[in-house]
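Colleague:
Number of protein chains: 2
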Amino acid sequence: MKPFDVIGLDADDTLWHSEDSFHAGEQKFVELVSPYVSEGIDVKAALTAVERKNLHSFGYGVKAFGLSAVEAAVTISEGRVPTEVIGRLVEMVRAQLTEPVRLLPHVPEALAAIGRHYRLVLITKGDLIHQTFKVETSGLAHHFEHVEILLEKDPSTYRKVLHNIGVAPEKFCMVGNSVRSDILPVMALGGTAVHIPYPLLWELEHVEHDEHFAELESISQLAEWLTES
Amino acid sequence: MKPFDVIGLDADDTLWHSEDSFHAGEQKFVELVSPYVSEGIDVKAALTAVERKNLHSFGYGVKAFGLSAVEAAVTISEGRVPTEVIGRLVEMVRAQLTEPVRLLPHVPEALAAIGRHYRLVLITKGDLIHQTFKVETSGLAHHFEHVEILLEKDPSTYRKVLHNIGVAPEKFCMVGNSVRSDILPVMALGGTAVHIPYPLLWELEHVEHDEHFAELESISQLAEWLTES
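Keeping their order, the protein sequence lines are chains W and R.
With numbering that gives the first Met the number 0, letter number 115 in the first sequence gets 114, and the count goes up by one each step, no holes.
With numbering that gives the first Met the number 0, letter number 190 in the second sequence gets 189, and the count goes up by one each step, no holes.
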């Protein structure tokens, strides 16, 4: 059994589907807005550019995406987008904020198995109301000793979380789908991280790196990985 | 000296101005959207109705306000609002999210004075990125042992916070401008609360009650109130 006290788990795209909804939202945006955009403009790329520009002031999550989508619809159509499309974009945000949680395969069993041997904490970022809604309705909350919803996942925010829950980095293992947010900052602190990729990754989460870390295909393999010596 | 271990302080409209910006945003909305609305419609009331409807799914804060403003502009104008106005509404959100913090009078001295005798925690609700930005740029962060940004301020979220920071309700005193969010839920747990009103209060924070609690005109009176026996 690996010498950890606490296992940290990311939520979006690690415990439940998330990026596929954003991906569908982007496709819907392209479909709704393209008819009003001059030829030769890459509508999807223009939306991502607006999201990138706004990341610093809007942050992560569905409401930030929605405001960027509204802004992008107006600017890239040079004001030609009809207000009916603007209304549909806000509707899309509301639908995404209230859609039921869709768990990834094997998640409840995997949490139950590792929860018998380790303290579990959920460490996620994004929109406070959306993440809280998802945790509360997921049926998974009872597995976690602690839930942290962070503005950003970087070494300094992880350091604060580990301090709050009283665990040294070398006794901590983080599990998640994003190398940028779940793996590299934890390794930078001297902790361990396990990567479980999700088929989709948001463009602004892409990162170049040459670190080595464990990678699993499914969370169902986590308990076994943790018991290997 | 009062027998408290921890003083909790609200942030918006207790340490720094906030509601005046929302109020200005509402007035700007009325000014921008009214020309496209049928006669006899109360534009401000219609905006508040949309905010109320969305509170459950959008939550508190500037991004929630912005999305509601966009939705309201489209619906109450029956689609007649020009996209240029929609773009100005998104700009308004961005400006509000990035405007410098404006401290209320006497706040730094008051925190320094009470911080000599009590552990201070900041307990606020709203948008994660906006509240974090304000705390970090306020110049006040060093006074606080802990910062909690909550989705909602009710007895159950206060109970969790008090548990996390290790203080019993009877040893805790909360200070803030909102009777609904800062006073009543803390009293319901058996804690103490001090009301310091701000000249403006958001309509959705209004509450009817017949509780009795201490009320101060300014945070500059807090240290003295705490030393009274």
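From the three backbone atoms N, C-alpha and C, an ideal C-beta is built for every residue, glycine too.
Is Lys152(R) helix, strand or coil by DSSP?
Modeller: Correct three-state label for Lys152(R): coil.
Colleague: Using a Cβ distance threshold of 8 Å, determine whether the stretch 45 to 62 of chain W contacts the stretch 124 to 135 of chain W, with at least three qualifying pairs required.
Modeller: These segments touch.
Colleague: Which residues in the same chain have their Cβ closer than 7 Å to the Cβ of Arg51(R), if we skip the five residues on either side of it in sequence?
Modeller: So the list reads Leu203, once near-sequence residues are dropped.
Colleague: For chain R, find out if any of its Cβ atoms is closer than 8 Å to the Cβ of Glu70(W); answer yes or no.
Modeller: Answer yes: the Cβ-Cβ gap between Glu70(W) and chain R drops below 8 Å somewhere.
Colleague: Note down the Cα distance separating Gly165(R) from Ala71(W), rounded to an integer number of angstroms.
Modeller: Near 46 Å, if we compare the C-alpha coordinates of Ala71(W) and Gly165(R).
Colleague: Suppose the cutoff is 6 Å on Cβ atoms and the five residues either side in sequence are ignored; what does the same chain contact list for His22(W) look like?
Modeller: The answer, listed in chain order, is Leu199.
Colleague: I'd like to check one pair, Val193(W) with Cys172(W): are the Cβ atoms closer than 8 Å?
Modeller: Contact: yes.
Colleague: Is the distance from the Cβ of Ser37(W) to the Cβ of His105(W) below 8 Å?
Modeller: Going by C-beta atoms, Ser37(W) is not nearer than 8 Å to His105(W).
Colleague: Classify His145(R) as helix, strand or coil using the three-state DSSP reduction.
Modeller: Strand.
Colleague: Which residue from Gly189(W), His142(W), Asn176(W), His205(W) puts its Cα closest to that of Ala238(W)?
Modeller: The structure shown does not extend to residue 238(W), since chain W is modelled only from 0 to 228, so the question has no answer here.
Colleague: Could you spell out the range, first to last residue, of the beta strand (DSSP E) harbouring Arg118(W)?
Modeller: Taken as a continuous stretch (DSSP letters only), the beta strand (DSSP E) holding Arg118(W) covers 118 to 124.
Colleague: Sort Ser155(W), Phe64(W), Thr136(W) by Cα distance to Ser20(W) and report the nearest one.
Modeller: Per the Cα distances, Phe64(W).
Colleague: Mind listing which residues of the stretch 50 to 75 of chain R have their C-beta closer than 9 Å to chain W's C-betas, in chain order?
Modeller: Per Cβ criterion, the list reads Asn53, His55, Ser56, Phe57, Gly58, Tyr59, Gly60, Lys62, Ala63, Gly65, Leu66, Ser67, Val69, Glu70, Ala72, Val73, Thr74.
Colleague: Whole angstroms is fine: what's the gap from Thr191(R)'s alpha carbon to Phe3(R)'s?
Modeller: Approximately 9 Å, taken between the alpha carbons.
Colleague: Taking the alpha carbon of Glu135(W) as the reference point, which residue from Ile113(W), Leu102(W), Gly114(W) has its own alpha carbon closest?
Modeller: Nearest of Ile113(W), Leu102(W), Gly114(W) to Glu135(W), Cα basis: Leu102(W).
Colleague: Taking only beta carbons into account, state which residues of the stretch 81 to 99 of chain W come closer than 7 Å to chain R, listed in chain order.
Modeller: Listed by position, the residues of the stretch 81 to 99 of chain W near chain R (Cβ gap below 7 Å) are Thr82, Glu83, Ile85, Gly86, Val89, Val92, Arg93, Leu96, Thr97.
Colleague: Does the beta-carbon distance from Val80(R) to Thr82(W) come in below 8 Å?
Modeller: Contact flag set, yes.
Colleague: Roughly how many whole angstroms lie between the Cα atoms of Trp15(R) and Ile40(W)?
Modeller: Between Trp15(R) and Ile40(W), the C-alpha separation is close to 43 Å.
Colleague: Determine the contact status of Leu225(W) and Ile113(W), defining contact as a CB-CB distance below 8 Å.
Modeller: Yes; because the gap between Cβ atoms is below 8 Å, this pair is in contact.
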